[in-house]
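Below is one structure, written out as structure tokens; the observations come after it.
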DNA sequence: AAATCCCCTCGCACACTGTTCGACTGTTGT
DNA sequence: ACAACAGTCGAACAGTGTGCGAGGGGATTT
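Protein chains in written order, with my numbering: chain S, 825 to 1084; chain U, 825 to 1084.
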């Protein structure tokens, strides 16, 4: 209805030559509030106050709050440590990337809640894509698989971090520590899995440890698994490029014609 | 600080014998609003109006809006089609589950934004866990791996669906269709990837198709990849149970002692 | 020197949010 | 008959994002 695909990145930034507020300052301040007090604590008035200016002044530098969110999100992508290409095996680089992304997201838990809202098209996200695709290219992946592999790794890490953050938030909300926390968690899980004795049994056997440790182990398993899979796909190579190739434009036109 | 691990599931539900409002009705109505108009459209007043009652009446049946969200989320998990165990290969069952979860989430896009907020402990989520763990158990996975495998698959699908939904939302927001949409997307991506000619080149070669088709292909690749990986892990078997096993409680105590 | 312009800030106002509180029904139990 | 309770609701509070128009101040033009 409105302008097509509007987002911060399609618009030009304000000159920002001024001595007062600047887009960077705003984004930085927003990040600080978000990191310190979570996504609910960030309001325009609060942000303005932190910057020593009125709330509505921000709207000169930023169109909506949503745009601000896009900006801070990209900032986070900029913090993900990128493996120096051509240093070790591609598997190691993927591992470094995956772990790095996980800890970066953990440091900015609010990002997860924004992932379904807008596609990440900011410069840092693009840089990240480019670098990781290089890694996969050197590893021997070709064609559309370069996209697919990266998307797959990304999906795994994003999807992993979500529930992980949810659990940590719940733990922190409870305000408990040590044995009290363990007991409360056990209580909760037992009650939730009341009707599933196997789940309870497995929980008691394996999960009765520091949850961070458990989750680290599980993440490592998932990542190992994924790397195994990628290795297999790499070996499958040529066939993949046929099997997963998008239909040619001609075919595509044909099929859409038939559909209408 | 407050009561430990409070959530809808730790509390008892209201008797709900009344002829008027009931928890189920509320949840159903909330779902309808969410599906039809998205997460921002759901307000207590709106929901009350839809049910023909005052906004504050809802608070008799539900503690906070957050709790309501937990309830609707679990409802969604209940819609995920579960593969009938012992019918085909475990790979097929995982595929069915993954595809089913993906389409279910696509039908309720607002769920994705809630994933980082609270752990999913509702009855349908538990049922889903139980059933899928059975699948993995029959496949030959053992011990903690039963948790890890499920978590890995879940992470992949969740993390995949997030960006996918973000793109679709952006497309729908644009209000364009057909060639106009294609052109607008191309424009946007070109501008975003301005500094990365390889990305642009790859996009022009592979992505200039119906985005839904591309994403389906990519999802299929990721899933194939994951299944390959799981198969490898299954074969690795015994070692995995050592490698990924949580430290015994004794060891755990030791290590924490040394850390402090 | 005066007038015009534009960048930038900001107070007010609007419609809306989640939630608390106390008052109000109608039903049930004794 | 009275009391206890389940359930509903209106008013009110503090807070939200943001449009609008009024201004200030520095640079540029006349």
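Even glycine gets a Cβ: it sits at the ideal position worked out from N, Cα and C.
Proximity below 8 Å, CB of residue i to CB of residue j
{"i": "residue 941 of chain U", "j": "residue 860 of chain S", "result": "no"}
{"i": "residue 1049 of chain U", "j": "residue 967 of chain S", "result": "no"}
{"i": "residue 934 of chain S", "j": "residue 983 of chain U", "result": "no"}
{"i": "residue 886 of chain S", "j": "residue 847 of chain S", "result": "yes"}
{"i": "residue 938 of chain U", "j": "residue 897 of chain U", "result": "yes"}
{"i": "residue 875 of chain U", "j": "residue 849 of chain U", "result": "yes"}
{"i": "residue 1008 of chain S", "j": "residue 829 of chain U", "result": "yes"}
{"i": "residue 894 of chain U", "j": "residue 837 of chain U", "result": "no"}
{"i": "residue 882 of chain U", "j": "residue 965 of chain U", "result": "no"}
{"i": "residue 974 of chain U", "j": "residue 953 of chain U", "result": "yes"}
{"i": "residue 777 of chain U", "j": "residue 959 of chain U", "result": "In this structure chain U extends from 825 to 1084, so residue 777 of chain U is not present and cannot be described."}
{"i": "residue 980 of chain S", "j": "residue 980 of chain U", "result": "yes"}
{"i": "residue 1064 of chain U", "j": "residue 969 of chain U", "result": "yes"}
{"i": "residue 1042 of chain U", "j": "residue 972 of chain S", "result": "yes"}
{"i": "residue 992 of chain U", "j": "residue 1005 of chain U", "result": "no"}
Proximal residues of chain S, C-beta to C-beta of residue i below 8 Å
{"i": "residue 952 of chain U", "result": "Ordered by position in chain S, no residue passes the 8 Å Cβ test against residue 952 of chain U, which lies about 11 Å from the chain."}
{"i": "residue 1020 of chain U", "result": "950, 951, 953, 954"}
Interface partners of residue i on chain S, CB under 9 Å
{"i": "residue 964 of chain U", "result": "The premise fails here: residue 964 of chain U is roughly 15 Å from chain S at the closest Cβ pair, so nothing lies under 9 Å."}
{"i": "residue 1053 of chain U", "result": "1046, 1048, 1049, 1050, 1051, 1052, 1053, 1054, 1055, 1056"}
{"i": "residue 981 of chain U", "result": "979, 983"}
{"i": "residue 967 of chain U", "result": "1026, 1029, 1030"}
{"i": "residue 1061 of chain U", "result": "The premise fails here: residue 1061 of chain U is roughly 13 Å from chain S at the closest Cβ pair, so nothing lies under 9 Å."}
Nearest-angstrom beta carbon gap, residue j and residue i [assumed within contact, 8 Å]
{"i": "residue 1027 of chain S", "j": "residue 1040 of chain S", "result": "Their Cβ separation, rounded to whole angstroms, is 17 Å, which puts residue 1027 of chain S and residue 1040 of chain S out of contact at 8 Å."}
{"i": "residue 877 of chain U", "j": "residue 845 of chain U", "result": "6 Å"}
{"i": "residue 901 of chain S", "j": "residue 862 of chain S", "result": "Wrong, their Cβ atoms sit about 19 Å apart, outside the cutoff."}
{"i": "residue 922 of chain S", "j": "residue 1047 of chain S", "result": "5 Å"}
{"i": "residue 924 of chain S", "j": "residue 943 of chain S", "result": "Their Cβ separation, rounded to whole angstroms, is 21 Å, which puts residue 924 of chain S and residue 943 of chain S out of contact at 8 Å."}
{"i": "residue 834 of chain S", "j": "residue 1001 of chain U", "result": "19 Å between Cβ atoms; not a contact."}
{"i": "residue 855 of chain U", "j": "residue 899 of chain U", "result": "6 Å"}
{"i": "residue 962 of chain U", "j": "residue 914 of chain U", "result": "7 Å"}
{"i": "residue 1070 of chain U", "j": "residue 1037 of chain S", "result": "6 Å"}
{"i": "residue 976 of chain S", "j": "residue 1045 of chain U", "result": "7 Å"}
Chain S residues whose Cβ lies nearer than 7 Å to that of residue i
{"i": "residue 1070 of chain U", "result": "1030, 1033, 1037, 1038, 1041"}
{"i": "residue 970 of chain U", "result": "1026"}
{"i": "residue 942 of chain U", "result": "990, 994"}
{"i": "residue 975 of chain U", "result": "1042, 1046"}
{"i": "residue 937 of chain U", "result": "937, 940, 941"}
Neighbour list for residue i in chain U, Cβ cutoff strictly below 9 Å
{"i": "residue 1168 of chain S", "result": "What is shown of chain S runs 825 to 1084, which leaves residue 1168 of chain S out entirely."}
{"i": "residue 924 of chain S", "result": "Per Cβ cutoff of 9 Å: no residues; residue 924 of chain S is ~16 Å from chain U at best."}
Distance cut-off 7 Å: residue i Cβ against heavy atoms of the ligand HEM
{"i": "residue 994 of chain S", "result": "As far as ligands go, the structure on display features none, and thus does not contain the ligand HEM."}
Chain-ordered chain U contacts of residue i [CB-CB under 8 Å]
{"i": "residue 928 of chain S", "result": "Within chain U, no residue comes near residue 928 of chain S; the closest Cβ sits about 14 Å away, beyond 8 Å."}
Contact list for residue i against chain U, beta-carbon separation under 7 Å
{"i": "residue 862 of chain S", "result": "Under the 7 Å cutoff, chain U gives no residues; its nearest Cβ is about 10 Å from residue 862 of chain S."}
{"i": "residue 912 of chain S", "result": "Those within 7 Å of residue 912 of chain S in chain U number zero; the least Cβ separation is about 20 Å."}
**Message:** Could you tell me which whole alpha helix (DSSP H) segments of length 4 or greater appear in the segment 893 to 933 of chain S?
**Reply:** 914 to 931
**Item:** Ordered list of alpha helix (DSSP H) runs contained in the segment 849 to 895 of chain S, each at least 4 residues
**Value:** 868 to 874, 882 to 885
**Segments of 4+ residues assigned as alpha helix (DSSP H) that fall wholly inside the segment 1018 to 1070 of chain U** = 1021 to 1026, 1035 to 1060, 1062 to 1067
**Request:** Jot down the residue ranges of each uninterrupted beta strand (DSSP E) in the segment 963 to 1018 of chain S, minimum 3 residues, whole runs only, in chain order.
**Result:** none
**Interface positions of the segment 1024 to 1040 of chain S facing chain U (Cβ-Cβ less than 9 Å), listed along the chain** = 1026, 1027, 1029, 1030, 1031, 1032, 1033, 1034, 1037, 1038, 1039
**Asked** Which residues, in order along the segment 989 to 1006 of chain S, keep a beta-carbon less than 9 Å from a beta-carbon of chain U?
**Response** 989, 990, 991, 993, 994, 995, 997, 998, 999, 1000, 1004, 1005
**Item:** Proximal residues, the segment 887 to 907 of chain U versus chain S, C-beta separation under 7 Å
**Value:** none
**chain U contacts made by the segment 867 to 887 of chain S, where a contact means CB separation under 8 Å** = none
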